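First the structure, in the form of structure tokens, and then the observations on it.
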Amino acid sequence: MYSLALQKGSSSLPYYDHRYNLGIVTLKHFDAYSLESYNGTTRYNFNAIVSPYMFSDTYWPAFRISVQHGGAKGVMCSYNSVNGVPSCCNNYLLNQVLRKTWGFQGYIVSDSGAIEDIYTSHNYTTSLGQAVQFALEATCDMESCLGTSCGGFGTDYGTSSAYQNLAPVSYMFVFFIENMKLYKCKYIYKYIYKYKYKYKCKCFYLYLYHFIFIHLFHIFYFFFCKIAIVDNALKNTLKLRFELGLFDPISNQPYWKVPGGIVGSQPIRELNEFAAKQTMSSSLLFFFCVLQTNTGPHYNASLALLGAYTGQVCHLEGSYACVPTVLDAFEARYTAVGQNVVYSEGCDVLCNSSAGFPDAFEVASKADVIVLMMGINTQQVEMEGQDRVSISLPGLQYDLAMQICLMNKPTVLVLINGGIVAIDHLKYICPAILEAWLFPLFFFFF
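Per the working numbering, residue -11 is the first one in the sequence shown, and the count goes up by one each step.
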């Protein structure tokens, strides 16, 4: 459980301060978020029909345990509808189950633009203002997006922040603050004026705009929503920021004093290496039993690197910054001790052609040990907004791997994937298989 591990890890830090939380764990996406895009249906208009049994057996256990035992204080509601009601205005899920049954006392935030989708994609309400009303009444406390498609002022979808377009923001604050007494928003009024003069925290004003998106004024004006509900939503979001110390002076907070030099330092690199190794799993024969190129029977052996990921950089870390390729890492390590490393891609990740197979077979035939890199990526095969229709290796990757493994040479099949992949009979043919997942940290591992 990541949430529990974070809490335990934070409390064990030498500079741990019991007055503040080091971070807030937010669980996502609640609930039944099982489809991105398929056959004309998208996550924005998908309606998941879930039985009470499936809730209890499949969808709820991980969320419930993380809330009740893992210390999670945030939950993000999903784009889809569940049993006919959009998740972010689903009173049964958010209020009855999450808050009242499980005892959740943290904040609930929508996925980016999900409040608007209640109206525009699910057609569940007659206006965007009513969508905001229904979400607040279901105890969804805030929306995560400020682009024009999310009810804000930015020209970009999903990336506009409260630090942009400050002129219209300031006008809205003037209007809102001047009318707070009239609407009796006791929490907002108290927090703004208390902390405005105590700490003169400008970021506090900027944060409030994340909550006060433009259509909130509509429901105030027409009295669609009780102010007590809005007060409670604001309290749920702000109290966590007080627990984080974001409105306190930073002079005596240890978390603000962690030196920048610790980023990328040797202890951090070693911790990353350890974590990467712990996440990997192998079957049949352990990886290094085959690759004993330092002291084992294949010392001074030539090494062949094959497959789509061998020369890839960005795919190895999904959407994040790139690391050296597997080829670079192997060459740096093994050529330094006089071992020969050869390389052939064979095919790309989609592997729609076998034109590169002959070159891969020739390279493999000249090597003593083979490392075969196979899998999927988050740029072409599966990603946010795009589902896979099969869990098999893409295209002809399976055929290439099978033929290489049948050469009866010491071979390691390394799988790079975020979601699961089926390898079928490869598990009986390949001498060793390493599940490295999507972030294998090859820079350190090999």
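Here a beta-carbon is modelled for each residue, glycine too, at the ideal position from N, C-alpha and C.
Remember, predicted model here, so these are calculated numbers, not experimental data.
Query, Result
"Give the single residue among 390, 403 and 354 whose Cα lies nearest to the Cα of residue 365.", "403"
"Alpha carbon to alpha carbon, how far is residue 109 from residue 96? Give it in angstroms, no decimals.", "21 Å"
"Does the distance from the CB of residue 333 to the CB of residue 296 come in under 9 Å?", "yes"
"Does DSSP put residue 16 in a helix, in a strand, or in coil?", "strand"
"Are the region 356 to 364 and the region 374 to 390 in contact at 8 Å, needing three or more beta carbon pairs?", "yes"
"So, do the region 31 to 39 and the region 82 to 92 have three or more beta carbon pairs nearer to each other than 8 Å?", "no"
"Taking the continuous alpha helix (DSSP H) assigned at residue 103, which residues delimit it?", "102 to 108"
"Grab me the residues of residue 64's own chain with a C-beta within less than 8 Å of its C-beta, minus the 5 sequence neighbours each way, in chain order.", "14, 15, 16, 17, 18, 96, 97, 98, 99 and 132"
"So, helix, strand or coil for residue 55, using DSSP?", "helix"
"Please say whether residue 385 and residue 339 have beta carbons closer to each other than 9 Å?", "yes"
"How would you write the range of the beta strand (DSSP E) that residue 423 sits in, first residue to last?", "420 to 423"
"Just to confirm before moving on: does the CB-CB distance between residue 395 and residue 413 stay below 9 Å?", "no"
"Which residue wins for smallest C-alpha separation from residue 6, given the options 323, 219, 357 and 240?", "240"
"Need the endpoints of the alpha helix (DSSP H) that residue 117 sits in, please.", "116 to 125"
"Rounded to whole angstroms, what's the CA-CA distance from residue 358 to residue 261? Just pull it up for me.", "23 Å"
"Output the distance between the C-alpha atoms of residue 41 and residue 50, rounded to the nearest integer angstrom.", "15 Å"
"With respect to the alpha helix (DSSP H) encompassing residue 225, which residues constitute its N-terminal and C-terminal limits?", "215 to 231"
"So is residue 251 buried or exposed if we call it buried at 16+ other beta carbons inside 10 Å?", "exposed"
"Thinking residue 68 and residue 123 are a contact (beta carbons under 8 Å), I'd like their distance in whole angstroms, please.", "Going by Cβ atoms, the distance from residue 68 to residue 123 rounds to 14 Å, so no, they are not a contact pair."
"Residue 295 bridges to which residues according to DSSP?", "361"
"Residue 400: which of 416, 237 and 407 sits nearest, CA to CA?", "416"
"Would you tell me roughly how many angstroms separate the C-alpha atoms of residue 62 and residue 11, rounded to the nearest one?", "11 Å"
"Whose CA, out of 56, 324 and 107, lies closest to the CA of residue 91?", "56"
"In angstroms, rounded to a whole number, what distance separates the CA positions of residue 243 and residue 236?", "12 Å"
"If I measure Cβ to Cβ from residue 352 and keep anything under 8 Å in the same chain, skipping five residues before and after, which residues do I get?", "292, 294, 332, 358, 392, 395 and 397"
"Using a Cβ-Cβ cut-off of 6 Å (strictly less than) and excluding sequence neighbours within five positions of residue 74, which residues of its own chain qualify?", "106, 110 and 112"
"According to DSSP, residue 237 sits in a beta bridge with which residue or residues?", "Its beta-bridge partners do not exist; DSSP assigns none."
"Could you check the C-alpha separation between residue -6 and residue 1 for me, to the nearest Å?", "11 Å"
"Rounded to whole angstroms, what is the Cα-Cα separation between residue 368 and residue 238?", "44 Å"
"For residue 410, which beta-bridge partners are listed by DSSP?", "380"
"Between 216, 265 and 346, which has its C-alpha nearest residue 443's C-alpha?", "This structure cannot settle anything about residue 443, because the visible part of the chain is limited to -11 through 434."
"Output needed for residue 405: all residues of its chain with C-beta closer than 7 Å, excluding positions within five of it in sequence on either side, in chain order.", "363, 364, 425 and 426"
"Which whole-angstrom value is the C-beta distance of residue 221 and residue 130, which I expect to be below 8 Å?", "7 Å"
"Please identify the residue among 337, 355, 254 and 341 whose C-alpha is closest to the C-alpha of residue 290.", "355"
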